[in-house]
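Positions in the sequence shown are counted from 1; adding 7 to them yields our numbering. Glycine included, C-beta positions come from ideal geometry on N, C-alpha and C. The model shown is predicted, which means the values in this text are computed figures rather than measured ones. One structure is given here, and the rest of the page talks about it.
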Amino acid sequence: MAMSERFLGYERDALDRQYDLIGQQGERFDVYCRLYESLSDHARTAFPHADLDVDCGEGLVMDLFPAEQPDAPILLFLPGGLTANRNRRDVAFLASGLVPHGCALALADGCQPQNGNVIHAIDNARRAVLWLRAHADRLNGDAGRIVVMGQGLGVVPAALTLTADWSYYDEDAAPEAPVAGLAGISGIFDLEPVHRCFLNGMVQLDAAMTKTYAPLVLASSIPKPRPSVWLAVGAQETDEYHRQMLAYGMAAEASECTVTASTETDHNHFSLLAELGDPSSVFTKRLIDWVLHPAVGESIPI
Numbered sequence: 008m009a010m011s012e013r014f015l016g017y018e019r020d021a022l023d024r025q026y027d028l029i030g031q032q033g034e035r036f037d038v039y040c041r042l043y044e045s046l047s048d049h050a051r052t053a054f055p056h057a058d059l060d061v062d063c064g065e066g067l068v069m070d071l072f073p074a075e076q077p078d079a080p081i082l083l084f085l086p087g088g089l090t091a092n093r094n095r096r097d098v099a100f101l102a103s104g105l106v107p108h109g110c111a112l113a114l115a116d117g118c119q120p121q122n123g124n125v126i127h128a129i130d131n132a133r134r135a136v137l138w139l140r141a142h143a144d145r146l147n148g149d150a151g152r153i154v155v156m157g158q159g160l161g162v163v164p165a166a167l168t169l170t171a172d173w174s175y176y177d178e179d180a181a182p183e184a185p186v187a188g189l190a191g192i193s194g195i196f197d198l199e200p201v202h203r204c205f206l207n208g209m210v211q212l213d214a215a216m217t218k219t220y221a222p223l224v225l226a227s228s229i230p231k232p233r234p235s236v237w238l239a240v241g242a243q244e245t246d247e248y249h250r251q252m253l254a255y256g257m258a259a260e261a262s263e264c265t266v267t268a269s270t271e272t273d274h275n276h277f278s279l280l281a282e283l284g285d286p287s288s289v290f291t292k293r294l295i296d297w298v299l300h301p302a303v304g305e306s307i308p309i
């Protein structure tokens with residue numbers, strides 16, 4: 008398919024606007040940056056945590072926020088890295104919303120797919136999962152309840168933890184999948200439009216990579232036991248972000264995953280993530296309920 012052709016009816020400039028998150032917010036983007044910074048500074052002061060450089064030769068670094076009680080679910084969050092949440096320190100505010108509900112939290116750098124590092128980002132996300140599985144006790148965590156979360160492009164390496172050949176990373180790895188669930192917030196699952204819009208200047212995909220590393224394409228190869236999938240998008244986000252969630256949700260359901268999906272009223276890409284810094288928000292409580300009961304109940308129609 009020639010790059011000059013439209014993508015789903017979008018000319019190039021229209022497709023660029025669909026994925027220009029910063030441009031959509033205008034001056035409010037700086038407000039969100041300052042909000043993330045302020046909330047994260049508070050969280051690092053309020054909650055015990057440790058920086059950890061995982062020595063795997065790929066620049067993987069995590070901040071660990073242990074749970075207060077043992078045998079807690081472990082949430083691994085991968086920021087997208089292209090907007091306000093550029094690295095793990097920018098999203099430390101997630102600890103304020105999630106740790107009080109009995110979760111352990113790991114925030115990872117080295118898993119952002121920009122600068123042509125898609126393959127390294129995917130590898131590091133998988134290495135992070137294996138490290139957390141092996142060292143769950145350092146977070147008061149349950150190695151059998153690791154949930155990988157991502158936002159935006161961070162959902163790409165997050166989702167590909169579901170389809171890993173774990174023996175490639177550790178020949179002694181347990182045969183069962185170490186990921187209990189995937190949470191994708193305003194996620195990108197289809198890489199074809201990324202390849203065709205301005206984002207590719209940062210992500211540097213070629214045509215083959217849009218198939219090889221696309222969560223949407225790989226959803227059909229998710230192995231058993233099937234993880235649960237939780238998806239959310241802000242009502243104020245562009246049509247493409249809504250299509251991305253719908254397409255992946257349908258593909259994951261077709262692979263027999265239990266899928267929960269929602270469109271959050273009055274929220275955009277940045278405000279939606281900020282909600283998870285508030286332990287009392289409905290959005291946070293909804294996520295926590297799914298983390299604690301990931302395979303209970305019926306999928307929400309999407």
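Residue j beta carbon less than 8 Å from that of residue i
| i | j | result |
| --- | --- | --- |
| S288 | Y248 | no |
| A57 | G109 | no |
| A187 | L42 | no |
| I112 | P164 | One point to set straight first is that residue 112 is Leu, not Ile, in the sequence displayed. In this structure, P164 does not lie closer than 8 Å to L112 by Cβ. |
| I153 | I81 | yes |
| A190 | W237 | yes |
| S235 | T265 | yes |
| A239 | E271 | yes |
| G241 | L279 | yes |
| I155 | L225 | According to the sequence as given, residue 155 is Val; it is not Ile. Contact flag unset, no. |
Straight-line gap, residue i to residue j (C-alpha atoms, nearest Å)
| i | j | result |
| --- | --- | --- |
| L46 | E12 | 43 Å |
| G104 | A115 | 17 Å |
| G148 | V136 | 12 Å |
| M209 | D97 | 20 Å |
| Q31 | A180 | 44 Å |
| E18 | I29 | 20 Å |
| F126 | T217 | Looking at the sequence shown, residue 126 is not Phe but Ile. Cα to Cα, the separation comes out at about 12 Å. |
| R293 | Q243 | 19 Å |
| D37 | G284 | 18 Å |
| A258 | L169 | 13 Å |
| H142 | L15 | 45 Å |
| P308 | M69 | With a pLDDT of only 46 at P308, under the threshold of 50, the placement of this residue in the model should not be trusted; the figure read from the coordinates follows. If you take the alpha carbons of P308 and M69, they lie about 35 Å apart. |
| P301 | R35 | 35 Å |
| A171 | A268 | 23 Å |
| S174 | D273 | 44 Å |
| G151 | P185 | 7 Å |
| Q25 | G157 | 19 Å |
| R134 | Q211 | 22 Å |
| E305 | L299 | Residue confidence for E305 is low, a pLDDT of 47 falling below 50, so the modelled location carries little weight; the figure read from the coordinates is stated next. Between E305 and L299, the C-alpha separation is close to 15 Å. |
| V106 | L223 | 31 Å |
| D23 | E178 | 42 Å |
| G159 | I195 | 5 Å |
| F72 | P55 | 6 Å |
| A9 | D296 | Here the model assigns A9 a pLDDT of 47, short of 50, so the residue's position is not dependable, and the following value carries that caveat. Cα to Cα, A9 sits roughly 45 Å from D296. |
| N94 | P230 | 30 Å |
| L253 | E260 | 11 Å |
| R250 | G256 | 10 Å |
| A215 | P286 | 42 Å |
| R145 | L67 | 17 Å |
| R140 | D213 | 33 Å |
| D48 | D27 | 27 Å |
| L203 | E44 | A small fix is needed here, since residue 203 is Arg in this sequence, not Leu. One C-alpha to the other measures close to 32 Å. |
| T219 | L59 | 30 Å |
DSSP beta-bridge partners of residue i
| i | result |
| --- | --- |
| P148 | A small fix is needed here, since residue 148 is Gly in this sequence, not Pro. The partner list for G148 (beta bridge, DSSP) reads A79. |
| Q158 | I192 |
| L235 | Reading the sequence as shown, one finds Ser at residue 235 and not Leu. S235 pairs with G188. |
| G241 | E271 |
| A57 | L71 |
Cβ neighbour criterion (16 or more within 10 Å) applied to residue i
| i | result |
| --- | --- |
| G123 | exposed |
| P232 | exposed |
| A21 | exposed |
| S262 | buried |
| Q76 | exposed |
| P120 | buried |
| G87 | buried |
| A79 | buried |
| A50 | buried |
| T52 | exposed |
| G33 | exposed |
| G161 | buried |
| V102 | The residue asked about is misnamed: residue 102 is Ala in this sequence, not Val. So A102 counts as buried. |
Distance between beta carbons of residue j and residue i, contact taken as under 8 Å
| i | j | result |
| --- | --- | --- |
| A221 | D246 | So it is not a contact: roughly 19 Å between Cβ atoms. |
| A132 | C118 | 5 Å |
| V61 | W138 | 5 Å |
| Y39 | F277 | 4 Å |
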